[in-house]
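What the sequence shown shows, in this note's numbering, is residues 305 to 695, in sequence order. For every residue, glycine included, the Cβ atom is placed at its ideal position computed from N, Cα and C. Being a predicted model, the structure only gives us computed values, none of them experimental. Please read the structure below before turning to the comments.
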Amino acid sequence: MSDKGVLTSEQVKQLGLTEDQVQKIADFRKAMGVPFEDVPDHIQDDITLFRFLSGKKWDAKVSGEQYQSMLKWYKEEDVANIWEWENKNKEVIETILSMYPCVRYGFDREGRPLQITRLGMIPAPMFAEKVKVEDYVKFHILYFEKLARLCREQSTKLGKPIYQVSVIIDATGASFSSRHFKPFFSATAAVDKQNYPEFLNSVDVVNAHWMVPMLYNIVKPLLDPRTKEKIRMHTSEYDKALCGHIDAKVLPVAFGGLNRDPLPVPTVEGLEQSPTDTLAFKNVPARRSVEYTRACDDPKGGKFLWVIKLDSYDVNLTVQWTEKGGTEKKEVAVKEKISEDKGSFEVDGEGELTLTFDNTYSYLTSKDVRFAVYFTPGSEDAADTAEAKST
305 MSDKGVLTSE QVKQLGLTED QVQKIADFRK AMGVPFEDVP DHIQDDITLF
355 RFLSGKKWDA KVSGEQYQSM LKWYKEEDVA NIWEWENKNK EVIETILSMY
405 PCVRYGFDRE GRPLQITRLG MIPAPMFAEK VKVEDYVKFH ILYFEKLARL
455 CREQSTKLGK PIYQVSVIID ATGASFSSRH FKPFFSATAA VDKQNYPEFL
505 NSVDVVNAHW MVPMLYNIVK PLLDPRTKEK IRMHTSEYDK ALCGHIDAKV
555 LPVAFGGLNR DPLPVPTVEG LEQSPTDTLA FKNVPARRSV EYTRACDDPK
605 GGKFLWVIKL DSYDVNLTVQ WTEKGGTEKK EVAVKEKISE DKGSFEVDGE
655 GELTLTFDNT YSYLTSKDVR FAVYFTPGSE DAADTAEAKS T
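Structure follows, in structure tokens:
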């Protein structure tokens with residue numbers, strides 16, 4: 305931004321704005337009476353005005369009503385001093401975080417903050433007992449303001465406008481009891497819809513088993529139409545979709561990436577953590593098979609290690625190796641009707657290791673497979689370390 309918050313010609317180009325859109329932002333700025341003396345610069349700059357206009361398809365009248373409503377809300381809620389609420393409510397925040405596993409997990413390929421929330425793991429009935437809706441709304445605003453500040457920092461660092469975040473929601477563990485979280489979701493969805501338009505770049509819901517669409521339909525009417533367009537549901541095979549906008553080095557191993565930094569889990573007393581929390585997930589439909597491929601890009605090779613667990617039922621497993629440039633698949637392991645497995649395979653060059661989860665023998669039952677495939681180049685000591693981490 306320039307000193308006055310007006311977009312520069314370079315920023316206009318980076319945003320892909322037309323001359324007509326640039327003029328609409330200028331007209332909107334004048335109509336809204338910007339600048340104001342009693343609100344921070346970052347909620348009256350051109351990026352913010354652009355978000356409000358684009359969120360309403362450049363309808364200046366509707367956008368203006370929403371923007372003025374946001375300014376009124378911003379002052380009434382004293383959002384500029386949300387940090388004071390944070391300092392005075394440490395215990396409330398700790399209680400929320402003990403049941404609400406969320407983390408800022410690096411950045412996507414464009415430099416947007418990546419937010420991961422393991423929504424399915426929230427003990428919703430306990431959450432509803434221990435947390436007040438108004439406290440959760442304050443926590444939510446605090447979190448969004450921190451993300452917005454991080455966007456501004458990224459804009460300065462990267463020299464281009466960063467004004468959105470990418471979100472991954474892990475639905476692992478979601479059940480009918482998750483409905484108890486609806487009052488909290490309803491309250492924050494209303495805040496987001498009115499005051500944070502176009503703040504989300506994308507929302508990828510992973511491990512979305514059969515119940516998740518049903519739960520989503522309960523809250524779907526609460527969402528802004530633009531937000532609905534950005535939500536993508538993935539039951540399995542989502543690693544390639546995620547890696548399209550998130551580098552594999554940033555994406556957690558649990559979601560098919562290479563990043564082994566731990567993901568958050570609920571820590572509230574009385575809950576047991578599942579040993580499969582760090583594993584990726586694939587649903588294998590009845591009468592079908594599903595593949596997962598992990599590449600070795602090191603010319604010197606290395607060691608693969610795989611870990612597989614099913615909470616119920618079983619699948620057939622085939623592990624195959626294909627050398628780079630080759631077409632022949634070498635069988636590494638073939639196992640029938642397993643509920644868990646662990647194995648390793650050393651290679652001396654580049655290629656791909658493919659795991660096939662075969663459920664063709666089941667006529668009615670789909671199977672949920674949790675797994676991890678690690679690759680460690682170099683010495684046996686490094687491979688042993690990777691194996692120790694998987695156990």
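Could you give the first and the last residue of the continuous beta strand (DSSP E) run that contains residue i?
| i | result |
| --- | --- |
| Pro-701 | In the structure as shown, the chain starts at 305 and stops at 695, and residue 701 therefore has no counterpart that could be examined. |
| Ala-637 | 634 to 642 |
| Asn-587 | 584 to 588 |
| Ile-347 | Per DSSP, Ile-347 belongs to no beta strand (DSSP E) and is neither H nor E. |
| Val-340 | The sequence as given places Phe at residue 340; Val does not occur at that position. Careful: Phe-340 lies outside any beta strand (DSSP E) and carries neither H nor E. |
| Met-537 | 535 to 537 |
Please look up how many angstroms separate the CB atoms of residue i and residue j, rounded, as I've assumed it's under 8 Å.
| i | j | result |
| --- | --- | --- |
| Ala-590 | Tyr-667 | 6 Å |
| Pro-603 | Glu-533 | About 43 Å; that fails the 8 Å criterion. |
| Gln-498 | Gln-370 | 7 Å |
| Ala-512 | Ala-475 | 5 Å |
| Ile-612 | Glu-635 | With 8 Å as the limit, Ile-612 and Glu-635 do not qualify as a contact, their Cβ atoms being about 17 Å apart. |
| Trp-610 | Val-677 | 5 Å |
| Phe-332 | Leu-353 | 5 Å |
| Leu-504 | Val-554 | No, Leu-504 and Val-554 are not in contact; Cβ-Cβ is about 18 Å, not under 8 Å. |
From the DSSP output, which residues share a beta bridge with residue i?
| i | result |
| --- | --- |
| Ser-506 | Ser-470 |
| Gly-655 | Cys-600 and Glu-627 |
| Gly-560 | Paired residues: none, contrary to the question. |
| Gly-606 | Val-651 and Pro-681 |
| Glu-314 | According to DSSP, Glu-314 bridges with nothing at all. |
| Phe-411 | Pro-417 |
| Leu-621 | Lys-639 and Phe-661 |
| Asp-645 | Ile-612 |
| Glu-390 | Partner(s): none; Glu-390 has no beta bridge. |
| Glu-595 | Thr-660 |
On the CB-based measure, 16 or more other CB atoms within 10 Å of its CB, does residue i come out buried or exposed?
| i | result |
| --- | --- |
| Ile-329 | buried |
| Trp-387 | exposed |
| Asp-565 | exposed |
| Thr-580 | Any answer about Thr-580 is weak, because its pLDDT of 42 lies below 50 and its placement is not dependable; what the coordinates show is given next. The residue is buried, with at least 16 neighbouring Cβ atoms inside 10 Å. |
| Leu-311 | buried |
| Ile-522 | exposed |
| Gly-463 | exposed |
| Tyr-447 | buried |
| Ile-631 | One point to set straight first is that residue 631 is Thr, not Ile, in the sequence displayed. Exposed is the call here. |
| Ser-373 | exposed |
| Tyr-467 | buried |
| Asp-395 | Note on residue identity: the sequence assigns Glu, not Asp, to residue 395. With fewer than 16 other Cβ atoms within 10 Å, it is exposed. |
| Thr-571 | exposed |
| Pro-465 | buried |
| Pro-501 | buried |
| Thr-680 | buried |
| Tyr-665 | exposed |
| Ala-584 | buried |
| Ala-452 | buried |
| Asn-663 | buried |
| Glu-650 | exposed |
| Gly-629 | exposed |
| Ser-616 | exposed |
| Val-383 | buried |
| Ser-540 | buried |
| Asp-688 | The pLDDT assigned to Asp-688 is 38, lower than 50, so where the model puts this residue is not dependable; a value taken from the coordinates is nonetheless given after this. Classification of Asp-688: exposed, given that the 10 Å Cβ count is below 16. |
| Ser-313 | exposed |
| Arg-413 | exposed |
What are the boundary residues of the alpha helix (DSSP H) that residue i is part of?
| i | result |
| --- | --- |
| Asp-496 | 486 to 499 |
| Trp-377 | 364 to 380 |
| Trp-514 | Looking at the DSSP string, Trp-514 is not in any alpha helix (DSSP H), and its letter there is neither H nor E. |
| Tyr-447 | 437 to 462 |
| Ala-430 | For the record, residue 430 in the displayed sequence is Met; it is not Ala. Where Met-430 is concerned, the enclosing alpha helix (DSSP H) stretches over 428 to 434. |
| Leu-546 | 543 to 547 |
| Leu-401 | 394 to 403 |
| Arg-333 | 323 to 336 |
Relative to the C-alpha of residue i, which candidate in the options has its C-alpha closest?
| i | options | result |
| --- | --- | --- |
| Met-515 | Ser-479, Phe-443 and Phe-679 | Ser-479 |
| Arg-592 | Asn-620, Leu-567, Asp-543 and Lys-613 | Asn-620 |
| Arg-530 | Tyr-542, Gly-560, Cys-547 and Asp-496 | Asp-496 |
| Ser-481 | Pro-570, Gly-424 and Gly-548 | Gly-424 |
| Met-430 | Lys-392, His-484 and Glu-438 | His-484 |
| Ile-550 | Gly-410, His-346, Thr-658 and Asp-439 | Gly-410 |
| Val-623 | Tyr-500, Val-509 and Gly-647 | Gly-647 |
| Lys-544 | Pro-525, Lys-586, Gln-458 and Cys-406 | Lys-586 |
| Met-336 | Lys-553, Lys-461, Ile-400 and Ala-364 | Ala-364 |
| Gly-606 | Val-588, Leu-657, Glu-573 and Lys-641 | Leu-657 |
| Met-537 | Leu-614, Met-518 and Gln-327 | Met-518 |
| Pro-417 | Cys-455, Val-435 and Val-437 | Cys-455 |
| Ser-490 | Asn-563, Ile-400, Leu-321 and Tyr-520 | Tyr-520 |
| Lys-392 | Leu-614, Glu-449, Lys-461 and Asp-439 | Asp-439 |
| Asp-528 | Ser-402, Ala-494 and Glu-627 | Ala-494 |
| Leu-659 | Asp-652, Lys-633, Thr-669 and Ser-670 | Lys-633 |
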